[in-house]
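Laid out in structure tokens, this is it:
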């Protein structure tokens, strides 16, 4: 479930881009808070219970999400729901997709913002911890208007993976691509294209454990070199 | 100016206590955001321009102020106002008065909240910096319901000073008490009480530079001892 807080979503290049990116995916609930007049607390809590991955998606306004997300947190996450002995969202994952009009380099000591986005987003990390959720590394999108086309294509994949990939390790990354290829093969219109995609998917499947092994070895070598 | 964000202010012990604490002070603008239906942006910006000290006062809900303060930030601090070449609030001070239902000891590494309130409140510090304002050390009030009467009396003074004392050093602290004593003397009903307060105020005035000197010496001794 993607919970979006954005008062001007229709004219937002980032939001339109992200929405188009997930068009091929099923099982995504797109939930735009600013379009809701009065929050139905029970319905919102039911949505949270139904979904395994909750993603807060917003532009950074004054170092936080727009007010609609804070209103949602204050209203929906009641003490009765969140602290009543049980943790109804425990074990689920919380992700953050945040866009900024400021370049990435400014978010560090010595940069014009002086602090990292990890620090700025800490309150959401604490919300996740309080609810017993796993906090995903935020997906940050800086100044999308200046991106090259190939970088944007990578973002489509990164965003799709962010919403749907079970875990963020290399093996799961391969598994995700395999699943997507199988889906693509099923959707392919020409038998030839279908055959090609199926072949690719089978090759990926055959080599998966080998590739995962290789990835570990590369990492080990890098770490050893890094030490020297 | 005290900008209060609290959806249930009437029943809040902390807010009622703080409001009673400043009753004797003049020149305090009490501004409760949740009581405002539609923000008048120009009027809010004019209020900001008029006041030298802006204080955000709120209970901590989900690691931030309630939604009404975020809505106020998003609406009132427009790009035109805040980033238009000039910094209309530069040099003014921004204070935070925050109450929590959690004991102070939990806000540290290893505590149940794991992070400090300084970190949790970082977004407001960044707002102050962006506006060129001086950020005051937050005044934090943990679990007021459990406080002793004498601690509450200290809080009255600390809060009055937080809203009105020019700078937070020892000399300014004495100057603040002197001013308050002169005011109290003027308000005293019996001539005897008036005489006593005036005497106290004069003694404080006479000894002020001596006391400031003494305070420095004590600090130096403490630092030297601390090193050993």
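Chains as they are written, first to last, in our numbering: chain P, 7 to 234; chain B, 7 to 234.
By construction, the Cβ of each residue, glycine as well, lies at the ideal position given by its N, Cα and C atoms.
These numbers come from a predicted model, not from an experiment.
- Taking the CA atoms as reference points, residue 201 of chain P sits about 10 Å from residue 192 of chain P.
- Contact of residue 145 of chain B with chain P is not assigned, every C-beta pair being separated by 8 Å or more.
- Inter-segment contact for the region 32-42 of chain P and the region 83-92 of chain P is absent: fewer than three beta-carbon pairs are separated by less than 8 Å.
- Proximity of residue 70 of chain B to chain P, defined by a Cβ-Cβ separation below 8 Å, is satisfied.
- Close to residue 137 of chain P, with beta-carbon spacing below 7 Å, lies no residue of chain B; the smallest spacing is near 10 Å.
- Residue 127 of chain P sits close to residue 144 of chain P, with the two beta carbons spaced by under 8 Å.
- Linking residue 24 of chain P to residue 13 of chain P through their CA atoms gives a straight-line distance of about 16 Å.
- In summary, residue 73 of chain B is buried, with 16 or more beta-carbon neighbours lying within 10 Å of its beta-carbon over all protein chains present.
- For residue 191 of chain B, the secondary structure class from DSSP, reduced to helix, strand or coil, is helix.
- In the three-state DSSP reduction, residue 59 of chain B falls in the strand class (E or B).
- By the rule that beta-carbons nearer than 8 Å mark a contact, residue 128 of chain B touches chain P.
- Any Cβ of chain P closer than 8 Å to the Cβ of residue 79 of chain B would place that residue at the interface, and such an atom is present.
- Proximity of chain P to residue 100 of chain B at the Cβ level (cut-off 7 Å) is not reached, the minimal Cβ distance being about 13 Å.
- Under a 10 Å Cβ-count criterion, residue 76 of chain B is classified as buried, with 16 or more other Cβ atoms of the shown protein chains found around its own Cβ.
- Residue 222 of chain P sits exposed, since fewer than 16 C-beta atoms from the chains shown fall within 10 Å of its C-beta.
- Under the DSSP assignment, residue 105 of chain B falls in the beta strand (DSSP E) whose first and last residues are 99-106.
- The C-beta separation of residue 82 of chain B from residue 50 of chain B comes to about 4 Å, placing the pair in contact by the 8 Å criterion.
- Distance from the Cα of residue 150 of chain P is smallest, within the candidate group P/104, P/11 and P/205, for P/104.
- Identification of chain P residues near residue 121 of chain B by a Cβ-Cβ cut-off of 7 Å yields 128 and 132, ordered along the chain.
- Under the 8 Å criterion on CB atoms, residue 165 of chain B is classed as non-interfacial with respect to chain P.
- The DSSP-derived three-state label of residue 12 of chain P is coil.
- By the Cβ neighbour-count rule, residue 212 of chain B is exposed, with fewer than 16 other Cβ atoms within 10 Å of its own.
- Using a Cβ distance threshold of 8 Å, residue 174 of chain P and residue 210 of chain P do not count as a contacting pair.
- Residue burial is scored here from C-beta neighbours: residue 152 of chain P has fewer than 16 other C-beta atoms within 10 angstroms and is therefore classed as exposed.
- Between residue 7 of chain B and residue 79 of chain B, the gap from beta carbon to beta carbon reaches 8 Å or more.
- Here the C-alpha atom of residue 188 of chain P lies approximately 53 Å from the C-alpha atom of residue 44 of chain B.
- Contact check for residue 61 of chain B and residue 9 of chain B: beta-carbon distance about 7 Å, within the 8 Å limit, so the pair qualifies.
- Residues of the region 80-93 of chain B with a C-beta atom less than 7 Å from some C-beta of chain P are 80 and 83, listed in chain order.
- Interface with chain B (8 Å Cβ-Cβ cutoff): residue 198 of chain P is excluded.
- Residue 160 of chain B: not part of any beta strand (DSSP E); member of the alpha helix (DSSP H) spanning 155-170, first to last residue.
- In the DSSP assignment, residue 146 of chain B falls within the unbroken beta strand (DSSP E) covering 145-148.
- One thing to note: residue 114 of chain B has its Cβ no nearer than 8 Å to the Cβ of residue 106 of chain B.
- For residue 141 of chain P, not one C-beta of chain B is nearer than 8 Å to its own C-beta.
- A distance below 8 Å separates the beta carbons of residue 11 of chain B and residue 40 of chain B.
- Beyond the five residues adjoining it in sequence on each side, residue 194 of chain P comes within less than 7 Å, by CB distance, of 200 and 203 in the same chain, given in chain order.
- If you draw a straight line from the Cα of residue 111 of chain P to the Cα of residue 148 of chain P, it is about 10 Å long.
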